[in-house]
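Q:
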Amino acid sequence: MIIFPHAKINLGLNVVRKREDGFHDIETAMVPIPLQDILEAVKDPSLGQGEISYTRTGISIAGTLESDLCWRAAQKLYATRIMPGIRLHLHKVVPLGAGLGGGSSDAAHTLLLLNNLLDLGISTNELHSLAASLGSDCPFFLTNGPQLAEGRGEILRSLDLDLKGHWVLIVNPGLHVPTPEVYRNTRPTGRSFGANWDKAIGLMNKGPVSTFSNSAIRELIPNVMEDHVFNTYPQVEQAFKKLIEAGAFHAAMSGSGSTVFGLFTTPPPILEWPSDHRTWSFQF
12 MIIFPHAKIN
22 LGLNVVRKRE
32 DGFHDIETAM
42 VPIPLQDILE
52 AVKDPSLGQG
62 EISYTRTGIS
72 IAGTLESDLC
82 WRAAQKLYAT
92 RIMPGIRLHL
102 HKVVPLGAGL
112 GGGSSDAAHT
122 LLLLNNLLDL
132 GISTNELHSL
142 AASLGSDCPF
152 FLTNGPQLAE
162 GRGEILRSLD
172 LDLKGHWVLI
182 VNPGLHVPTP
192 EVYRNTRPTG
202 RSFGANWDKA
212 IGLMNKGPVS
222 TFSNSAIREL
232 IPNVMEDHVF
242 NTYPQVEQAF
252 KKLIEAGAFH
262 AAMSGSGSTV
272 FGLFTTPPPI
282 LEWPSDHRTW
292 SFQF
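Residues 12 to 295 in the numbering used here are what the sequence shown lists, from first letter to last.
What follows is the structure in structure tokens.
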């Protein structure tokens, strides 16, 4: 059985406060995008009960096996039940440390894949709890469509956002930006963006987007992590500015970076980028 873990972009991101448990309360509007990894699982009778054979191809994943979210998700699920041996293979396309949720998506989709392959009958609530224990934004990847995430990122509300027909140009400057570093250097706002989320969504739904400036949405729902990342990694800010100059009606850094994106009403122009930059373009 094969499944395709997709990436996401953050239209805006607010770090509200640091919690006593060390995490942060955030607000962010996340939108799924069709940039995908490939994840396959098959039952293998030659493997012992509860045994997992895990292999990877594609983009190299740094760190130990125990830090791999796909592997951790499979192990967490297997710890709750007696299950047959399987072979699990991940072909990695979505870059890590890029603000696209690639590792979190792999974890969430591992839970979905094994639940379906092995007919485990795990409830939506239990899947959500398992996903949240693996990563703050993992539960988002169990859903379909745009979501407003609050709390650590695990409290979700569906957003009535329609980007159908619009385009997104995604630019990754080839950098790995450590998420803990960005959180340490981002001052919490101490307040909610409140109604600004729905106002920003309303602007994008209302159209035509030519009726408002490309800063209108950013003023309502900025990504507050951009200040540190833009100052520390100037190539990220340069890519962002290039998207604005190219005519994006909204551009922002996704998550904690390093990826930036621009939303366009028509196919994005062909732009020249440094050789270490990776770009993708999709129509919603």
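Backbone N, C-alpha and C define an ideal beta-carbon position, used for all residues, glycine too.
1) Just the Cα atoms here: how many angstroms apart are H177 and G258?
2) Do L46 and V105 have their C-beta atoms within less than 8 angstroms of each other?
3) Can you tell me the Cα-Cα spacing of A118 and W208, whole angstroms?
4) What is the DSSP secondary structure of T135, counted as helix, strand or coil?
5) Between A18, K252 and T154, which lies nearest to D48 when the distance is taken from Cα to Cα?
6) Would you say L180 and L231 are within 8 angstroms of each other, going by their C-beta atoms?
7) In the DSSP assignment, what are the bridge partners of D36?
8) Give me the Cβ distance between Y89 and G132, rounded to the nearest whole Å; I'm assuming they're in contact under 8 angstroms.
9) Does the Cβ of I14 have 16 or more other Cβ atoms within 10 Å, making it buried, or fewer, making it exposed?
10) Keeping to the same chain, check which residues put their C-beta closer than 8 angstroms to that of L123; ignore five residues upstream and five downstream.
11) Quick check on the DSSP output: the beta strand (DSSP E) that includes L121 runs from which residue to which?
12) For V240 and V247, I'd like the C-alpha separation in whole angstroms.
13) Could you spell out the range, first to last residue, of the alpha helix (DSSP H) harbouring A263?
14) Which residues in the same chain as S57 place their Cβ atom closer than 8 angstroms to its Cβ, once the five residues preceding and following it in sequence are excluded?
15) Write down the C-beta distance between S115 and D148 rounded to the nearest angstrom, noting that I regard them as a contact closer than 8 angstroms.
16) What residues in its chain sit with their C-beta under 8 angstroms from that of N155, if we drop five residues either side in the sequence?
17) Can you tell me whether S265 is buried or exposed? The criterion is at least 16 other CB atoms within 10 Å of its CB, across all chains shown.
18) In three-state DSSP terms, what is F15?
19) Please list, in chain order, all residues of the same chain as G201 whose beta carbon is under 8 angstroms from its beta carbon, the five residues on each side excluded.
A: On the basis of the coordinates in this document:
1) 13 angstroms
2) yes
3) 28 angstroms
4) If DSSP states are grouped into helix, strand and coil, T135 belongs with the helices.
5) The option with the nearest alpha carbon to D48 is A18.
6) No, the pair does not count as a contact, with Cβ atoms beyond the cut-off.
7) According to DSSP, D36 shares a beta bridge with R28.
8) The Cβ separation is near 16 angstroms, so there is no contact.
9) I14 comes out buried.
10) I14, L138 and L153
11) According to the sequence shown, residue 121 is Thr rather than Leu. Looking at the DSSP string, T121 is not in any beta strand (DSSP E); the run it does join, the alpha helix (DSSP H), is G113 to L128.
12) 7 angstroms
13) Counting along the chain, A263 falls outside any alpha helix (DSSP H), though it belongs to the beta strand (DSSP E) covering H261 to M264.
14) G96
15) 5 angstroms
16) P43
17) buried
18) coil
19) V27 and R28
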